[in-house]
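Protein chains in written order, with this note's numbering: chain A, -6 to 257; chain B, 217 to 424; chain C, 641 to 893. Backbone N, C-alpha and C fix where the C-beta goes; we use that ideal spot for every residue, glycine too. Let me begin by presenting the structure, written as structure tokens, before commenting on it.
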Amino acid sequence: MDHFPTNWGRPNYNTFDAHATYPLHVHPQPSSSADGVQHTQQPIVTGTSVLALKYKDGIMLAADNLASYGSLARFKGVQRLQAVGDYTIIGASGDMADFQYLQYILDNLIISEEINPQDGHKLGPSEVHEYLSQLLYARRSRMNPLWNSVLVGGFRDGQRFLAYVDLLGTTYKASTLATGYGAYIAQPLLRKAVEGKEDTLTEDEARKIMEDCLRVLFYRDARSINQYQIATISAAGASISGSLKLETSWGFAEGIRGYGGQTQ
Amino acid sequence: MSIMDHNGGSVIAMAGKDCVAIASDLRLGAGAQTIAMNFEKVFPVTDRLYMGLPGLATDVITLREKFRYLTNMFHIKESRPLQPSTFAHLLSSTLYERRFGPYFCEPVLAGLELTPSGTYQPYIAGTDLIGCLNFAKDFIVAGTASDKLFGVAEGLWEPDLGPEDLFETISQTLLNSVDRDAYSGWGAIVHVITADKVVTRTLKGRMD
Amino acid sequence: MPDMSVLAGPQQHQFNPYAENGGTILAIAGADFTVVAGDTRQSEGYSIQTRYAPKVFRLTDRAVLAVNGFAADGNMFVKKVKQRLEWYRHAHAKDMPLRAIARLIQTMLYAQRFFPYYVYNILGGIEEDGSGAVYSFDPVGSYEREACRAAGAAQSLVQPFLDNQIYFKNQTAAPGQSHPTHLPLSDVLSIVIDSFTSATERHIEVGDGLEIYIVLAKGRSLQGVEGLRGLREMSSREDGERVFVLQRELKKD
């Protein structure tokens, strides 16, 4: 066993620092010109679309439970919606490892900003969104992005909050939001169903809209699955449903060549 | 840089009340270098129909001669006036014949169409380089300054302009657009077509 | 299986840290006022991300900044400019003058010369001498004071229109007369609105909403802004320069 940490798969720092001018833990990084650190990456295990909308009482978010490995449906029981503090729920698509890292960061943020100080100051959805935006923008600026598109929904002091942030640090707000394929397939349906009705839509109506959108996505997005969760955040607080099953009908496929049924 | 931009140049056509106008710049370039300042890109087809041909200069001349031939053949064979709408489809099908090796021109038409009641009605049209027709009620633009022409024309054009106002509108639109385009300019030529005459004016423009 | 061989050696695919979020901005300076406007659509490719994302920001009572290009860089840049202006206020107990803000922006942009903010900036406001001013910048800080400037997706559509309508380019004045060097506010507002409706008509990345900031010199009458539908005052005091914002709808298709 080699007990010398700098030899554990990293270049020996003597190459860079022959006279040990740096303490062990701050020895210089190898330059990127040689066979050095490669930041640039691609998403590996990915989650597909997340949907969100404003309704009468607050914000509703939805995401399915699949984490794909390329085209392989690798993990079928993954939760992609997560409460952050008392007033916020986030939903993530993109790299699930990066999302779990985000969850870890946010859990520690809540511990250091709410639990440890015990000063009564809580983080609301706008603070969580700003924090995520700054984090993701900083990572993209270091050319080492966290490969996610995140929706941040929240409700605090009677105010609804719904915003988006992605791996580039791009942000925006709207009364309906969708990431990934949802931006192409579900967003038009959401806008038609929600815009102008944000203050009158009931939770049941909103849930129906979400289910319809998830169903269309399941029919057409090959990286989706028919198990999903819906979360709401309102004056009553945050609640994330258990894993639900989408009701689908495949009767139309009977007459279509290629969907099965026919042998020739 | 696209082959369409190699020689530079722009054309615009506008419809007015009982009149149409068509105009082009006069530059001929080879990339950024200006070769000539008298290269007209608008040609008469009939007494009441003009065609603008911005694009690759060699194809401008080829197409001008090709359509002169086709127009003459039409007159010989048919012994009747060639209407703008007829010519538009001749133009479209001629360009589409070269679908997979096109002429690098985006033609613009401006003319007066004879109606069954014997009056003349403004007719403008444009096509892309493979002959996809675009009939507009207001204006048609093409060439290296087309984005600028779209912006200025959308701001200046209004319906039912008389010949003099239409001349002023198309001239201002063209001059101000080509002044923001490095590949167009160096003077302009404007034709205003009415039922009884065509008025052609050459405009001075910025030479820088 | 995804192709894992790419992970072995250096990556072929390079992460692109920039995006282009569409939209257009525009500013026009008058004798004793400045107008700064931008549409509110934010898009990427053919998708509209939101119909309301402001691109024009009040910096002080006499300075307004419009940013266009990569939205994340734009928002970060505005945040940092505002932070520097706050520090200045705390150090000097006054707002930074417009020309100083312009130089600050050039320095901040050039500081990122080798990883630029992918943003076109237009700064509008009132100079210390009370005149309206517009400063326009490129992404790495080259800047110039002008009377009018358009930038963004529809710059090529709007700028030649402005040359014609603001600078009277290619127009000859009547004999014995000359063109005005500055237009009245009501004319400027009409030209701004016309510019954006034209750009909306012919450019897919422009539309949804229009936000027009109007900065008036100290002591100037409210002529030209009085009675405007939906006018909101943004300035902190009434006895200095004053900032107003005007919102208009644009086509959403």
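| Asked | Found |
| --- | --- |
| Taking the alpha helix (DSSP H) that residue 407 of chain B belongs to, which residues open and close that run? | First-last for residue 407 of chain B: 404 to 410, but that is the beta strand (DSSP E), not the alpha helix (DSSP H). |
| Hey, which unbroken runs of the beta strand (DSSP E) at 3 residues or more fall wholly within the segment 31 to 73 of chain A? | 38 to 40, 43 to 48, 51 to 57, 60 to 62, 65 to 68 |
| With respect to the alpha helix (DSSP H) encompassing residue 220 of chain B, which residues constitute its N-terminal and C-terminal limits? | It is not in any alpha helix (DSSP H) - residue 220 of chain B carries neither H nor E in the DSSP assignment. |
| Which of the residues in the segment 119 to 131 of chain A, read from start to end, lie with their CB under 7 Å from any CB of chain C? | 130 |
| Just the C-alpha distance for residue 273 of chain B and residue 780 of chain C, rounded to the nearest angstrom, thanks. | 38 Å |
| Just verifying my parser: in three-state terms, what is the DSSP assignment at residue 217 of chain A? | coil |
| Cα separation between residue 810 of chain C and residue 804 of chain C? | 7 Å |
| Given a limit of 8 Å on CB to CB distance, which residues of the segment 164 to 182 of chain A reach chain C? | 164, 165, 166, 167, 176, 177, 180 |
| How big is the Cα-Cα spacing for residue 96 of chain A and residue 754 of chain C? | 33 Å |
| At a Cβ cut of 9 Å, what residues of the segment 745 to 774 of chain C count as close to chain A, listed as they run along the chain? | 755 |
| Check whether the Cβ of residue 656 of chain C lies closer than 8 Å to any Cβ atom in chain B. | no |
| Which class does residue 858 of chain C belong to by DSSP, given the choice of helix, strand or coil? | coil |
| So, under 8 Å CB-CB, residue 242 of chain B and residue 402 of chain B are touching, yes? Tell me the CB distance rounded to an integer number of Å. | 5 Å |
| Whole angstroms is fine: what's the gap from residue 390 of chain B's alpha carbon to residue 406 of chain B's? | 9 Å |
| Examine the Cβ distances between the segment 698 to 712 of chain C and the segment 160 to 172 of chain A and report whether three or more of them are shorter than 8 Å. | yes |
| In whole angstroms, give me the CA-to-CA distance for residue 880 of chain C and residue 767 of chain C. | 12 Å |
| Going by the DSSP bridge assignment, what does residue 249 of chain B pair with across the sheet? | B:246 |
| Output needed in chain order: residues of the segment 676 to 687 of chain C with a Cβ under 7 Å from some Cβ in chain A. | 682, 687 |
| Using a Cβ-Cβ cut-off of less than 8 Å, give me the residues of the segment 344 to 367 of chain B that come near chain C, in sequence order. | 363, 364, 366, 367 |
| Measuring CA to CA, which of C:844, C:825, C:870, C:676 is closest to residue 764 of chain C? | C:676 |
| Does residue 789 of chain C come within less than 8 Å of chain B when only Cβ atoms are used? | no |
| For residue 213 of chain A, go through chain C and note every residue whose CB falls closer than 7 Å to its CB, in chain order. | Here the premise fails: no neighbours, minimum Cβ distance about 16 Å. |
| Beta-carbon within less than 7 Å of residue 724 of chain C's beta-carbon, same chain only, minus the 5 sequence neighbours each way: which residues are those? | 744 |
| Going by DSSP, what residue range makes up the alpha helix (DSSP H) through residue 230 of chain A? | Per DSSP, residue 230 of chain A belongs to no alpha helix (DSSP H); it is in the beta strand (DSSP E), 230 to 233. |
| When the distance is taken between beta carbons, is residue 54 of chain A closer than 8 Å to residue 179 of chain A? | no |
| Among the candidates A:176, A:117, A:218, A:213, whose CA atom is the shortest distance from the CA of residue 65 of chain A? | A:218 |
| Are there 16 or more other CB atoms within 10 angstroms of the CB of residue 113 of chain A, so buried, or fewer, so exposed? | exposed |
| If you run the structure through DSSP and keep just helix, strand and coil, what is residue 865 of chain C? | coil |
| Give a yes or no on whether 8 Å exceeds the smallest Cβ distance from residue 329 of chain B to chain C. | no |
| By the criterion of Cβ-Cβ separation under 7 Å, what are the contact partners of residue 161 of chain A in chain C? | 657, 659, 712 |
| State the Cα-Cα distance for the pair residue 194 of chain A and residue 187 of chain A, rounded to the nearest angstrom. | 8 Å |
| Would you call the segment 831 to 849 of chain C in contact with the segment 674 to 690 of chain C, where contact means no fewer than 3 C-beta pairs closer than 8 Å? | yes |
| Output needed for residue 106 of chain A: all residues of its chain with C-beta closer than 8 Å, excluding positions within five of it in sequence on either side, in chain order. | 114, 116 |
| Quick check on the DSSP output: the alpha helix (DSSP H) that includes residue 393 of chain B runs from which residue to which? | 379 to 394 |
| Taking only the alpha-carbon atoms, compute the straight-line gap between residue 885 of chain C and residue 851 of chain C and give it to the nearest angstrom. | 7 Å |
| Do residue 691 of chain C and residue 858 of chain C count as a contact pair if the criterion is CB distance below 8 Å? | no |
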